[in-house]
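In numbering that gives the first Met the number 0, the protein residues as written are 0 to 217. Ideal placement from N, C-alpha and C gives every residue a C-beta, glycine not left out. Here the structure is a predicted model, which means the values were calculated and not measured.
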Amino acid sequence: MSDFVFSQAERAAVYRAIALRRDMRHFSGGQVEPELLARLLEAAHQAPSVGLMQPWRFIRITRPELRESIRELVEEERLRTAEALGERADAFHKLKVEGIRECAELLVVGLMPDRERHIFGRRTLPEMDLASLACAIQNLWLAARAEGLGLGWVSLFEPNALAQLLNMPSGSKPVAILCLGPVEQFYDEPMLVQEGWATPRPLSELMHENTWNDDPSP
Ligand SMILES: Cc1cc2nc3c(=O)[nH]c(=O)nc-3n(C[C@H](O)[C@H](O)[C@H](O)COP(=O)(O)O)c2cc1C
């Protein structure tokens, strides 16, 4: 066994956080202590990033009226999404897709401006800035779960409208509204599965060897 391996308990904790992490939309108010919030944000900030670009920017929303304006933006997009879904609109309307009013902390995560200057790892794949930001959010998500806090990623918003509301510089782009805080309980499985909206596929259906071949193996 490698000299660098974690202890059995440490390994189990890592896999447990991964397995029990859920996207949460039901929160029970309360608060997140400042030291804990700082710890979570540090976890996010330790994420890998293309060319060590660290493209993430965090905006903590503390003004109640701003939180409400953000919720209104999400509500507008929720209605537009329902319309775009056509015959699935009714089922979509029944889903809870955000917990902006009830969560203890609201964070907006955005991509920094002037990203064009960063070419390392992005010349052919400019979206690697977004991938890096997603790594930071995943770190935050897992750390929050280990700390017993829920996190919900909300992407139902018009980015230009949110950027304007938050006075973000030109060239930056908000990518996530994060609802964070205590929850009464974590869903046993993804809420979209519980609600019958989606069915997850097993890993075996998403694996290929040497070539992409969707035909069942002989
Ligand atoms: C990039 C991204 C954007 C998402 N946006 C939303 C959203 O706007 N509203 C929502 O209810 N869930 C959103 N989710 C959560 C997914 O629905 C959720 O991750 C998925 O159903 C699997 O559930 P789980 O995270 O509990 O495993 C988002 C997740 C990701 C990764």
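Ligand 1 and P181: does any heavy atom of the ligand fall closer than 7 Å to the residue's C-beta? no
Spatial neighbours of E104 within its chain, please: C-beta separation below 6 Å, excluding the five flanking residues on both sides. V31, L179, G180
Please list, following the chain, all residues that have a C-beta closer than 5 Å to any non-hydrogen atom of ligand 1. R21, D22, V96, W152, V153, S154, L155, P189, L191
If distances are taken between C-alpha atoms only, which option among M52, A162, R56, F26 comes closest to L40? R56
Go ahead and pull the three-state DSSP assignment for R70. helix
Would you say the region 3-21 touches the region 83-95, given that touching needs at least three Cβ pairs under 8 Å? no
Could you pull the start and end residues of the alpha helix (DSSP H) that A8 belongs to? 7-19
For the pair the region 180-197 and the region 112-121, tell me if three or more CB-CB distances fall below 8 Å. no
Residues bridged to D22 [DSSP beta-bridge criterion]: L150
Is the Cβ-Cβ distance between A37 and L139 less than 8 Å? no
Do the CB positions of V174 and G98 come within less than 8 Å of each other? no
So, helix, strand or coil for V96, using DSSP? coil
Under 8 Å Cβ to Cβ from T198, same chain only, skipping five residues before and after it: list those, please. V192
Nearest-angstrom Cα distance between A12 and G170? 39 Å
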